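> When we follow the working numbering, the leftmost residue of the sequence shown carries the number 761, and every step to the right adds one.
Ideal placement from N, C-alpha and C gives every residue a C-beta, glycine not left out.
Note that the structure is predicted; figures quoted are calculated from it, not measured.
My questions all concern the structure below.
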Amino acid sequence: MGYLNNVTGYREDLLANRAIVKHGNFALLTPDGLVKNIIPGFENCDATILSTPKLGASFC
């Protein structure tokens, strides 16, 4: 799913292999690892939301 096959939603294995993370430096997300989101009020656009605890995100 994602930008490569134009399907919205999450792959079953999304968290298993969507990124290569080198802690403290960067995270590399492949195009197929990005997930399209629908944001009310925005039409004809693709939105991908990326966040981390360092940016204030909470994953509980």
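How about asparagine 797 and threonine 808: are their beta carbons less than 8 Å apart?
Indexing the sequence shown from 1 puts residue 797 at position 37. Indexing the sequence shown from 1 puts residue 808 at position 48. Cβ atoms of asparagine 797 and threonine 808: closer than 8 Å.
> Near leucine 819, what residues of its chain come up, given a Cβ to Cβ distance below 8 Å and the 5 sequence neighbours on each side ignored?
Along the sequence shown, one-based indexing puts residue 819 at 59. According to the sequence provided, residue 819 is phenylalanine. The question's leucine does not apply to it. So the list reads Pro813, once near-sequence residues are dropped.
> Of the residues Gly816, Ala817 and Leu810, which one's Cα is nearest the Cα of glycine 793?
On the sequence shown, position 33 is the one that residue 793 refers to. Measuring from the Cα of glycine 793, the nearest candidate turns out to be Leu810.
> Taking 7 Å as the cut-off, is the beta-carbon of proline 813 closer than that to any non-hydrogen atom of the ligand FMN?
Of ligands this structure carries none, so the ligand FMN is not represented either.
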